[in-house]
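Residue numbers (our numbering): 336 to 483. Ideal placement from N, C-alpha and C gives every residue a C-beta, glycine not left out. On a predicted model such as this, the values are computed, not experimentally measured, just so you know. Structure record follows, encoded as structure tokens.
Have a look at this one:
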């Protein structure tokens, strides 16, 4: 008889706790649940984030410059591309003159952001001046810079 007096309240307690816990799991708001790591915002103050933004802008500029076929060298020009930590461009890029109004502001934006990146993270470079091309030639329908 004593066993039943202990077992019955224990079973009742267990059953009521189970019901309460199952009921509370049904009322969870999805906004309160943990987010998947792919949905978390990037840490906008990190060097990797800033570098990824620079790479994305660089790829966009290179894509704009290379999507046109080079058939006439007179239709092409070149511009300094990027900024080294100690000054001067990282390289040069050929671009179609007909896209000059859209591509040059992006090139300038890239140079400014790269300069900010270099200062923010104390980046050092080789300080070697990039050779300036003398012109552009068309080779296999692609613009190629001519160096002296």
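Between the options, which has its C-alpha nearest residue i's C-alpha?
i	options	result
residue 390	479, 413, 444, 430	444
residue 396	481, 430, 387, 475	430
residue 427	342, 418, 458, 433	418
residue 442	364, 415, 478, 432	415
residue 483	466, 341, 474, 423	466
residue 478	356, 460, 401, 433	401
residue 328	453, 434, 382	Examination of residue 328 is not possible in this model, given that the chain is present from 336 through 483 alone.
residue 459	439, 403, 423, 473	423
residue 473	462, 410, 453	410
residue 453	407, 439, 440, 382	382
Taking all protein chains shown into account, decide if residue i is buried (16 or more other Cβ within 10 angstroms of its Cβ) or exposed.
i	result
residue 393	buried
residue 456	exposed
residue 405	buried
residue 350	exposed
residue 437	exposed
residue 343	exposed
residue 464	exposed
residue 449	buried
How long is the line joining the alpha carbons of residue i and residue j, rounded to whole angstroms?
i	j	result
residue 471	residue 412	7 angstroms
residue 447	residue 421	14 angstroms
residue 451	residue 425	15 angstroms
residue 384	residue 480	31 angstroms
residue 468	residue 367	57 angstroms
residue 346	residue 352	10 angstroms
residue 355	residue 341	22 angstroms
residue 476	residue 432	15 angstroms
residue 439	residue 462	24 angstroms
residue 364	residue 348	27 angstroms
Could you tell me which residues DSSP pairs with residue i in its beta bridges?
i	result
residue 480	471
If we require 3 or more residues per run, which beta strand (DSSP E) segments fall completely within the segment 368-452? With a minimum length of 3 residues, the unbroken runs of beta strand (DSSP E) contained wholly in the segment 368-452 fall at 411-416, 426-431.
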